[in-house]
Amino acid sequence: MNEQKTLFRPPYLGCAYYPEDWDESEIPYDISMMKKAGINCARIAEFAWHKMEPAPGKFEFGWLHHVVNQLGENGIAVVLGTPSATPPRWLSKIYPDVMQVNANGIPMSHGGRRHCCSNNPHYVEYSLRIAEAMAKEFADDPYVIGWQIDNEIYSFDGCFCPECCGRFAEYLREKYGDIETLNARWNLNLFSQAYDCFEDVAQPKNAWHNPHLQLDWKTFQNDSHIHFVHKQAEVLHRYVKVPVGTDTMPFNGMDYGKLNEKLDVIQFNHYNDPQNHSNVVLWFDYLRTILPHPFWNTETQTCWNGSVAIGQSIKPEGFCRVNSFMPLALGAEANMYWIWRTHWAGHELTHGSVLDASGRPMHIFGEVQDTAEMIKKSAEFINGTRVKTRVAFHYDSINWNMMLTQPVVGGMNNDRINEFYRPLLDSGLRPDVIFSEKDVSGYDLIFSPLMMTMEKGGLSDAMKKWVKDGGTWVVGPMTDIRNIDGARYQHKPFGMLEELTGAKWLYGIPDAIGAVKTAWTDGDDFRGNLWYDIFEPGSGAALVTVKEGHSAINGKACVLDCTVGKGHVIILGTVPSHDDLMKIISRACAYAKVPCGTTEGAVLASPRVGEAGEGVIVMEYSGSNPGVYHFEGTMTDILTGKSYTDKAELAPYEILVLKK
Amino acid sequence: MNEQKTLFRPPYLGCAYYPEDWDESEIPYDISMMKKAGINCARIAEFAWHKMEPAPGKFEFGWLHHVVNQLGENGIAVVLGTPSATPPRWLSKIYPDVMQVNANGIPMSHGGRRHCCSNNPHYVEYSLRIAEAMAKEFADDPYVIGWQIDNEIYSFDGCFCPECCGRFAEYLREKYGDIETLNARWNLNLFSQAYDCFEDVAQPKNAWHNPHLQLDWKTFQNDSHIHFVHKQAEVLHRYVKVPVGTDTMPFNGMDYGKLNEKLDVIQFNHYNDPQNHSNVVLWFDYLRTILPHPFWNTETQTCWNGSVAIGQSIKPEGFCRVNSFMPLALGAEANMYWIWRTHWAGHELTHGSVLDASGRPMHIFGEVQDTAEMIKKSAEFINGTRVKTRVAFHYDSINWNMMLTQPVVGGMNNDRINEFYRPLLDSGLRPDVIFSEKDVSGYDLIFSPLMMTMEKGGLSDAMKKWVKDGGTWVVGPMTDIRNIDGARYQHKPFGMLEELTGAKWLYGIPDAIGAVKTAWTDGDDFRGNLWYDIFEPGSGAALVTVKEGHSAINGKACVLDCTVGKGHVIILGTVPSHDDLMKIISRACAYAKVPCGTTEGAVLASPRVGEAGEGVIVMEYSGSNPGVYHFEGTMTDILTGKSYTDKAELAPYEILVLKK
Amino acid sequence: MNEQKTLFRPPYLGCAYYPEDWDESEIPYDISMMKKAGINCARIAEFAWHKMEPAPGKFEFGWLHHVVNQLGENGIAVVLGTPSATPPRWLSKIYPDVMQVNANGIPMSHGGRRHCCSNNPHYVEYSLRIAEAMAKEFADDPYVIGWQIDNEIYSFDGCFCPECCGRFAEYLREKYGDIETLNARWNLNLFSQAYDCFEDVAQPKNAWHNPHLQLDWKTFQNDSHIHFVHKQAEVLHRYVKVPVGTDTMPFNGMDYGKLNEKLDVIQFNHYNDPQNHSNVVLWFDYLRTILPHPFWNTETQTCWNGSVAIGQSIKPEGFCRVNSFMPLALGAEANMYWIWRTHWAGHELTHGSVLDASGRPMHIFGEVQDTAEMIKKSAEFINGTRVKTRVAFHYDSINWNMMLTQPVVGGMNNDRINEFYRPLLDSGLRPDVIFSEKDVSGYDLIFSPLMMTMEKGGLSDAMKKWVKDGGTWVVGPMTDIRNIDGARYQHKPFGMLEELTGAKWLYGIPDAIGAVKTAWTDGDDFRGNLWYDIFEPGSGAALVTVKEGHSAINGKACVLDCTVGKGHVIILGTVPSHDDLMKIISRACAYAKVPCGTTEGAVLASPRVGEAGEGVIVMEYSGSNPGVYHFEGTMTDILTGKSYTDKAELAPYEILVLKK
């Protein structure tokens, strides 16, 4: 992709805008208010298929040019969306087979969005045609700075239409080659499940299905969406020179690495609350690592979500500012609101926005203006620096899906990732969140919880080498316990952990009620949860041992510290409490010589370096308590010009852009 | 309707009786026990289609004449029900298409009731035929004092059979004229939903649908039932001269005004508990206003509900009496129990009744006898007076359905109507509950909460005039915020409230957690809930202002008191606590010069006037605490002959029929 | 059945073993570990249809002979399962109609188990063919000590395939003879439900159905499974001489008496926890009474259940031992674990076992070895004695299903059986749990709660005679209140209780909130729950009377003690508290001269007598507190050789095999 020179410069403070839902006469008012708010970018057209192609093959782009021109002429950059998430009624009327079908065989109806099947040839054909028509039309438009393909593409249970059923067989054939291999790898002598041919394999519906089928089904369904996006990307890339992406939702098992392989910019939507705001940090730490281009936070709310009913209460003052600036701190070049002006009718007529449906500014209008002002002041620093770190944290969609389809023990689930991440954040660390294939050689300290299989992308071998070369690895729980199919190992509990460390696993023990009591070898109580991998205590240095539970396990170890080559492996056999995990992180940081404890309270610190200098963006994100950031030397806050030495105290929701 | 002179006089204490389920030899025993209980009316035949027409076109009414005659000859009046709620198996065997179909395309089975589609031509044809046969047969029967059409006609999600789908398109065509109008009014450029023709419009199933479609679907489905009832009414009216009605259930979005337009008497079923007994008062205050004829409470339990299991515990002694007499106090001329004698087998074989299935009297038999005695003593006063009031309270099915399909904010729902009504009751008021089209000129004080649209039936204009002429209007929250389609106004937050009062709305704020703090302008704390409309404080006299929440709203007003012409408008921008609403009611009563605070405790007072004199029926309905009723002068209790001056103290569940 | 002389002797400590899921080379290791654990029996082949018949009619038993031989040669007896629970994919491919169909018409998919319909002729034909092939192949195998048909055969809502619908009509025709009889017995004039022919009768789906239809549907569905099992039994009995059974699950409305009529040994699976371990005692007391052959506990967990996630926490040490030995104490000759070694992949890859999937022993391995040792020591006593008692407790599947389909009052349900049983256990009683047809003449004391109908198997008459002859009967609540169809009696509340005792029932009262207050006639408070049958106090000696509730019931009785002939009938009109039921049991034991209070704490005592002498097996089953067993004289514990006089004190989870 060869980026075209545009009239606009990041960072962008943008919004989703739906001029097709309003009378044309409203546009000048909306634009004047955007300028007043400090908005410099608008995402448009993503749901406007019917307006652009009111009848098959009859394209009407005049109205859209008019909108793009008005925006661009007023200094507002445009991101165009291809409208495949909302196919018009005439498409499903001509080809009723385009509709997704649920596990009970019932097709979806027109009237919402994302009701068509990404595998359906008619839907694909017409989606590519409108995308191509748009691309041709706007390829050289100087006001268009980027493209978004579709919207929040994903499905929960997947589509069970005949096309999907057929293609699933083809997917399995390609993956397994012959049916005997599939039977063997899925252990299908069990329950007499074995198949004679790929066409016979059931889709996961109307029965108690095995987890391997379910894992492949999820991968297949996600891949179907990925292929659909890639086909659109190919079409767009034939014409346009600005970055192309697709806006996705928080972790859901979609393989964002694979999805973005043929795209230019990560686009991401989130609607988190103060209550779960730290999860957003995790996602941004992930998005940053996928593509070289700074990512775009394409959607977030200004104040609340709402379809026909608002599900939230008013948020604390300052949340809008911190939420808007956070992506920029962590590697984005854009933050965009959904939605500019609440719909006057239809599905989401109570959603938070910048302007109320009546056209009046919402109560957070001032916070939007403040954000625009901060962005303006820090633009040069943000554009000219990148986040830099020596710490990584593993996440991979295959493990997300494996955990979904076989969580091992009740209460274990993918939300636990956030529990593991939070203490890192509270230790002042700024990890890159990376998937299996990512090169680990640049890191000194890596955390790998819930990585049920390590057989993807050569991760197992990569980590062995990396540890022996001197890396510090905090691994587990629930890591390395399944092969790539989600099967257990037949003669060992782990894929390679025992072999790498010499540790000897004895038993696995579920415990959600605190029946197992444990302590640090130095005597302090330790609190684990849900699951215990029990090791022979002599295998590696025992860090935590069992005091009570069952005579077979008492005295054995559940957390080990093993020296391996020049490196260290800390094996977590359980889900530690927040405080116990803080202690483990501190120990690991000492091995890796990574500074630990640079923050106090809910403070996020994002060290950045680049042609624009060196510094750190710091923010208090709880909104309820002050926090502290410790550093060496003196830095100046670009926003206020104020200087800080050795430490900066932050008021609730305070943001500093500190430059050396 | 020209009422025939009958052998019987109201008020009626009646019961549902199913002689078809018992051996004929049981009838004399049942009748002897009815007489012992004081029952003077029986509702029969509503589910007996198969017994009256055991094969298509083969009518057998001999057994029914025999029952009617035995009842009538024993002084028990008869209400006959048309049996369309329970079509026989032979009908669905000849025409399988009569069955309702759910959103997944699955037809209902025979074996329960109300399984046929009100739009199905075969079902309609056969329903009218049996109704006509009955009407001819019993038109001149002197023992039959009224007719009931069908039973509890209503459906939740509606029927999705081909007939309904086709007729929904026709309904939309008739309402919107052309498809462009529908597209525009529903804002269907959003999500590319626009349709080319009415036949294309989806029914609300298997997708995330817009609230305007859902609102029209509900109206269409309810109208289908209404048309079905009207067709039966037309047939009956051709033959019978006694009142015809249809027995309906508590508020559910059915338009009872429209439904009863072609009927003569309101019939109503309720099964409330001591816990929610005050809601019943609201319903009776509504039923009274719809038709001139005193309404019939066609069903209530003597003690508990039960199908295959009783879902309730024994009720406090006295509840049966108060529950039985309450409709008569509030404008009815009949209270009837469901059921006379518990079914010995079948669907509802644990339901509370007057006689147990074994034929033995239930434990409340004495309370039924007491009720009969009270009715006898007060009959002349009840028949010769009507409830009289200067206060009204708005309710309209369109707003019920709008709230169902777009509740605006989580926690908001139609149950809130009861929360608004209860303080009126606790203030001693006796409002008429009226729908949009009702003339308001006779009232001095009107409450209109949750009237999301005021565009129905010219209500908006009527209220403007009424207020300017001197009315006192307590309006909101969630009133006047949507047009007739459930859409928001594009350039203003309310349809006419700002224009009428000069108030200036700034923001809408959701808050279910108490983040927003408010106070009366006199300094006392005020407790709102769920939602705040925030107004420029100077616009109208601020009654309640925001103390804390967000700097944009602090100091602004959420309850206003506006003088308009000769009248007053108190705008409620939030859901007030019970006590705060009591204060507002008191203020409004002072404006309207309506007596306030005439009752203490859970006391219901129903002032009545007519040819039989003037007085008031008073009852304590909590059953747990004594209460007081204040009045001027001296009145005598018709039940006991005891005299009261200035006030009457009531024991729990005590009932007084006071006459001047 | 003529039992073949085998190489093995009970008692058996066995396990389910799935060699088809592992490489053949694993077998020797598994067998060596079985021997180490003390396992002397393996259940195999139950799910291995596809491995035994990989293509239609192509049988392959070589691998299975190899496994059986290896096991047998190592002293491990084999139980073979017919594999009908897991038909191969090729069967449903040839005959798609074999699949069960749910109430929405959706067939089940391949990929789990028990997805075929027991009535489907193709499924039946192929199931019988594989069973016959196995039977021929292994009829004379000396290592095979028994056969299991299918696995946990049962269905919740049942199958709605065309075959089932047709056969349901035939079932009804056979039961009722003519449709008028069905209409009359089900009271189908109600709601115009009456049918013209059996083919018209609805299956219980997609409507609100009557409880009589639902009861017959459940019976029909269960009978379908029973017939299917009987057909397989017939085939097996043609060839094999060792006992044949089918392994069933805890009480679920399946008629285990009928099911096992054509079988030789009861097989039973349970997975209870410490929390509900006393329910297991109830089931074993039932299993023991059905067939003369000692029963087999074919499945229990060693430590926890788990499909893709373990749902439990680690269990207290000792639970495995007590849980393993309990069936042997109560009449079994085998206890078997599910599963020997956790599956390395597939549906249940987290289930507790003896060996982990990795091949390593689980933490309970030592408890399994202890159990084997105890069994060895007590084998002669267990084999040579039988449980002996004078007390019985009624349970019948028809009443289970009646309670499911019409629980009478909210909160009443079949779990209440355990509440009634527990105080018997706590009184040291060892009741036989028997169904309606069982001869009662050998018992002195019988409990019959929740026996809604007593019309099955002549129970009503049998009990009348038995009581008059001197029996002591504790009866109710909810007993004798319905006829065999689940209908109420039209002229009396009970079938025969009033007539038998002279008691006079007045009212039935629901009360889950404690509104009704009651007391023993001696003045102590009594606590009932959910329901009160209220009797004329003079009818029989009132034991408990109502103090408060409603004037109609105050002073009336709800528990009666009636002398009848030489016997006693204690009528329970309510659900007594545990302690109040203990008092009633004590009173009844005194009448019957049955020792009461022989145990303290959670102690189970199973008196046994036979050719091997006389004694009692005693165990503490709470695991948390010590207990005591009182007796007369001196006995010696076979396990330790220790002697006890008059009483034995037991530590938590301690087991004694005491012999006189």
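Protein chains in written order, with the numbering used here: chain X, 383 to 1042; chain C, 383 to 1042; chain F, 383 to 1042. Just so it is clear, CB atoms sit at the ideal spot from N, CA and C, and this is done for glycine as well.
Could you tell me if residue i is buried or exposed, where buried requires 16 or more neighbouring beta carbons within 10 angstroms of its beta carbon?
{"i": "residue 758 of chain C", "result": "exposed"}
{"i": "residue 710 of chain X", "result": "buried"}
{"i": "residue 470 of chain F", "result": "buried"}
{"i": "residue 1002 of chain F", "result": "buried"}
{"i": "residue 659 of chain F", "result": "buried"}
{"i": "residue 414 of chain X", "result": "exposed"}
{"i": "residue 730 of chain X", "result": "buried"}
{"i": "residue 972 of chain C", "result": "exposed"}
{"i": "residue 749 of chain F", "result": "buried"}
Cutting at 6 Å between CB atoms, please list the residues of its own chain near residue i, excluding the five before and the five after it.
{"i": "residue 404 of chain X", "result": "none"}
{"i": "residue 433 of chain X", "result": "402"}
{"i": "residue 608 of chain X", "result": "640, 641"}
{"i": "residue 994 of chain C", "result": "762, 763, 766, 767"}
Run through chain A and tell me which residues come within less than 8 Å of residue i, C-beta to C-beta.
{"i": "residue 469 of chain X", "result": "Considering every chain present, this structure includes no chain A. Its protein chains are X, C and F."}
Identify, in the order they occur along the chain, each residue of the same chain with its Cβ nearer than 7 Å to the Cβ of residue i, setting aside the five sequence neighbours on each side.
{"i": "residue 565 of chain F", "result": "576, 577"}
{"i": "residue 604 of chain X", "result": "635, 636, 637"}
Is the CB-CB distance between residue i and residue j below 8 Å?
{"i": "residue 491 of chain C", "j": "residue 532 of chain C", "result": "no"}
{"i": "residue 1050 of chain X", "j": "residue 771 of chain X", "result": "The shown model of chain X, from 383 to 1042, leaves out residue 1050 of chain X, and the question about it has no answer."}
{"i": "residue 700 of chain F", "j": "residue 1034 of chain F", "result": "yes"}
{"i": "residue 442 of chain F", "j": "residue 436 of chain F", "result": "yes"}
Per DSSP, residue i is paired with what?
{"i": "residue 989 of chain C", "result": "C:998"}
{"i": "residue 1017 of chain C", "result": "C:1026"}
{"i": "residue 830 of chain C", "result": "C:857"}
Quick one: what does DSSP say residue i is sitting in, helix, strand or coil?
{"i": "residue 383 of chain F", "result": "Only weak support is given to the placement of residue 383 of chain F: the predicted model assigns it a pLDDT of 39, under 50, and the value that follows is read from those uncertain coordinates. Coil, per DSSP."}
{"i": "residue 819 of chain X", "result": "coil"}
Excluding the 5 residues preceding and the 5 following residue i in the sequence, name in chain order all residues of the same chain whose CB lies nearer than 8 Å to its CB.
{"i": "residue 500 of chain C", "result": "506, 535, 541, 606, 607, 609, 610"}
{"i": "residue 936 of chain F", "result": "928, 929, 930"}
{"i": "residue 691 of chain C", "result": "732"}
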